[in-house]
Amino acid sequence: MASAGDFVLTVHDMTLFSRKPKETVSITYISHAGESCTAAVPVGTSVMEGAVSNSIDGIVAECGGACLCATCHVYVDEACLDILKPIAEDEEEMLGNTFAKRQPNSRLSCQLSVTKELAGLVVRTPEAQQ
Amino acid sequence: MPAGVVIVGAGQAGFQCAFSLRTEGYDGAITLVGDEDWLPYQRPPLSKGCLSGKQDLDAIALRPAAYYEANRIELRMGCQVASIDRKRLRVALVDGGEIPYEHLVLATGCRNRVLAGFEGACYLRTREEASLLMDRLDAAGTVTVIGGGFIGLEVAAAAAGHGRRVTVVEPQARLMQRAVGPIISAFYWDLHTRHGVRIALGTTAAEVAPADLVVAGIGVTPRTELAEAAGLAVANGIVVDERLRTEDEKIFAIGDCAAYPSRFAGGMARLESVQNAVDHGRCVAAAICGKGRVYDAVPWFWTDQFDAKLQMAGLSSGYDVQVVRGDLANGKFSVCYFRAGRLIAIDSMNRPGDHLAARKLLAGGLALTAEQAADLSFDLKAAI
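Sequence lines, in order, name chains A and B. First residue of the first sequence: 179, per the numbering used here; consecutive thereafter. First residue of the second sequence: -17, per the numbering used here; consecutive thereafter.
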């Protein structure tokens, strides 16, 4: 039979659990000038949100992640391209209208959901977004 | 320390102005005063991603706290300005104290229009209101939304997506009448109806049957009291010139609260949108840094409801010819609006490429004929 002391402990543990920080993966953002910043980005957010919450310059994200302004354009390191989900129709259409030239490794970072598989992802930001 | 820039209002416009001041190289003091307790945040997700459950309320801050510290932007949150002393170049705070300014930027935004006779109604403008609405939505079986504009319909779509029985009540004869043409209104009537939302057009709140939850999205009014009490001109917003300056050269107004001359409106405009807030913020930051320019950005807006993404460029009211580009039946089309032979706006439904081309066409005042617009084999980019 559990004593009162055990009960308190259990509640305490639950509190700790609920405050456990979200799992993160490390993502590296490299600016057009070559400045590199590696950030711990929570799983379940987007590569764009990871940039904004770490004050990375070079990603504007004017629409806040709705895939409709093309100002979170990034070039994904070739070695990482295969781990990303394919480009959807609306992203494809927006990529045809980016400010900086579209390359074969162009993506919109708001459409890149962060999963454990993305650990170590490297993206480069273009010279300008608009 | 010399007085710097004081920005009253820490929404999207106020934040952007502070942000752009630093990127433009401004080195003086920047104080951002906001009456909410949260770090400056984005409002669009409140009625879009957050309400539908795709986005976390904790993930909508425009920048983390460390950003403000690193960029020497003093944040005064939970703080209200009581008055402006234009002679002494100071603002007085409600809880005492004064802040001196060299330049004052009013980014006071709007407040909700209140629905008379519905004391328990929910609204949706702030993060607090969004939290309350989400809680109330959890416990409600039936939801009545008063107002068939963007906010009302986004709430209706999210509530229907969560399996609630939803009725939208709109006094006008069609949905989103203020912002879009009748073809788009009809498309949304059909979209919502297909998802089980009941829509009562030409109906007022007084005629509504009771529901577990009533949400009012009946518009907002600009917060102009501070400007008015300081003797500045107010007419549906704080009146500014084409550089967003009030009659007092030390005071600017930006974002939802500002009424400014617009070539797209053909007169004074006051727009409630992220684009307007962001571009106003940038324009005034540049002006303060001695790089002043006439504000001339193309207005654009968007709304997400169910799986339909509508993007609007330009202002369509007052059109005399409208042309459909694409296929209404498959939900991928644009409506191009012309006045006196000139393109004035394009509303794009699930055609983002048309939208971005539209913004460029409108910015350059470039020629596009109705025949070209209607011809899908004609690439809009070719006219740029």
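Just so you know, even glycine gets a beta-carbon here, dropped at the ideal spot from N, CA and C. In this text, all values refer to a predicted model and were calculated from it rather than measured experimentally.
Close beta carbons around residue i, own chain, < 7 Å, minus the five adjacent residues each side
i, result
"B:G7", "C271"
"B:N94", "Y105, R107, V202"
"A:S196", "Reliability of the predicted coordinates at A:S196 is poor, the pLDDT of 39 falling under 50, and the value obtained from them is presented with this limitation in mind. Excluding positions up to five away in sequence, the list is empty."
"B:P26", "V256"
"B:L195", "C104, R118, L119, A122, V125"
"B:V31", "Val is not the amino acid found at residue 31 of chain B; the sequence shown has Gly there. The residues are Q37."
"A:C288", "S224, M226, A239, G243, C245, C250"
"B:R160", "G131"
"B:A345", "V280"
"A:M179", "No answer about A:M179 holds up, because its pLDDT of 38 lies below 50 and its placement is not dependable."
"B:L44", "F(-3), P22, Y23, Q24"
Contact under 8 Å by Cβ, residue i with residue j
i, j, result
"B:C239", "B:R264", "no"
"A:V203", "A:V225", "no"
"B:C61", "B:D9", "no"
"A:E227", "B:A168", "no"
"B:A339", "B:K363", "yes"
"B:L33", "B:V137", "yes"
"B:P334", "A:E201", "no"
"A:A306", "A:F277", "yes"
"B:V87", "B:I181", "no"
"B:A290", "B:W282", "no"
"B:V222", "B:A211", "no"
"A:D235", "A:S209", "yes"
"A:G222", "A:V292", "yes"
"B:L226", "B:H262", "yes"
"B:A142", "B:G178", "yes"
"B:V15", "B:V63", "yes"
Test: residue i CB closer than 8 Å to a CB of chain B
i, result
"A:V186", "Residue placement at A:V186 is poorly supported in this model, since its pLDDT is 34, which falls under 50; the coordinates still yield a value, given next. No, A:V186 lies away from the interface with chain B (no Cβ there is under 8 Å from its Cβ)."
"A:M226", "no"
"A:A306", "no"
"A:N275", "yes"
"A:K198", "Here A:K198 scores only 48 on pLDDT, less than 50, and its place in the model should not be relied on; the value that follows carries that caveat. No, no contact with chain B."
"A:D260", "no"
"A:T223", "yes"
"A:E256", "no"
"A:V230", "yes"
"A:E201", "no"
"A:S233", "yes"
"A:E213", "no"
Test: residue i CB closer than 8 Å to a CB of chain A
i, result
"B:D286", "yes"
"B:P334", "yes"
"B:P26", "yes"
"B:L71", "no"
"B:L338", "yes"
"B:G123", "no"
Run of the alpha helix (DSSP H) containing residue i, from where it starts to where it stops
i, result
"B:H174", "164 to 176"
"B:V256", "256 to 270"
"B:R118", "109 to 121"
"B:W32", "Reading off the sequence shown, one finds Cys at residue 32 of chain B, where the question assumed Trp. Unbroken alpha helix (DSSP H) run through B:C32: 31 to 34."
"B:F132", "132 to 143"
Start and end residues, beta strand (DSSP E) containing residue i
i, result
"A:C215", "214 to 220"
"B:Q24", "Neither: B:Q24 is in no beta strand (DSSP E) and is coded neither H nor E."
"B:P334", "Premise fails: B:P334 lies in the alpha helix (DSSP H), 334 to 346, not in any beta strand (DSSP E)."
"B:G296", "290 to 296"
"B:T5", "Taken as a continuous stretch (DSSP letters only), B:T5 belongs to no beta strand (DSSP E), being part of the alpha helix (DSSP H) at -6 to 5."
"B:C92", "92 to 94"
"B:E152", "147 to 152"
"B:D309", "303 to 309"
"B:L325", "324 to 331"
"B:Q287", "282 to 287"
"A:Y207", "202 to 208"
Neighbourhood of residue i by C-beta, 6 Å cutoff - its chain only, sequence neighbours within 5 removed
i, result
"A:S233", "none"
"B:A349", "none"
"B:G130", "V150, E152, L157"
"B:I81", "V(-12), T13, V73"
"B:V127", "G134, V137, A138, V150, V197"
"B:Y83", "A(-15), V(-12), L71"
Nonlocal neighbours in the same chain, by C-beta distance under 8 Å from residue i, ignoring five residues either side
i, result
"B:A268", "S2, E6, G274, R275"
"A:H190", "For A:H190, the predicted model reports a pLDDT of 33, less than 50, meaning its position is unreliable; a value from the coordinates is still stated below. Answer for A:H190: no residue qualifies."
"B:Y301", "G163, Y319, F320, R321, I326, A327"
"B:R109", "E18, W20, Y23, L28, L39, I42"
Any non-hydrogen atom of the ligand MG within 7 Å of residue i CB
i, result
"B:A240", "Among the ligands in the structure shown, none appear at all, so the ligand MG cannot be discussed."
Worksheet item: Quick one, which residues of the segment 38 to 50 of chain B are near chain A if we go by CB-CB under 9 Å, in chain order?
Response: D38, A41, I42, A43, L44, R45, P46, A48, Y49
Worksheet entry | Residues, ordered as in the chain, of the segment 256 to 271 of chain B that lie near chain A by beta-carbon distance below 8 Å | V256, Q257, V260
Practice prompt. Could you run through the segment 278 to 300 of chain A and flag, in chain order, every residue whose CB is less than 9 Å away from some CB of chain B?
Written response: none
Worksheet item: Taking Cβ-Cβ distances below 9 Å as the criterion, which residues of the segment 239 to 250 of chain A are in contact with chain B?
Response: E240, C241, G242, G243, A244, C245, L246, C247, A248
Item to complete: Quick one: which residues of the segment 290 to 301 of chain B get their C-beta closer than 9 Å to a C-beta of chain A? List them in chain order.
Response: Here the close residues are K291, Q293.
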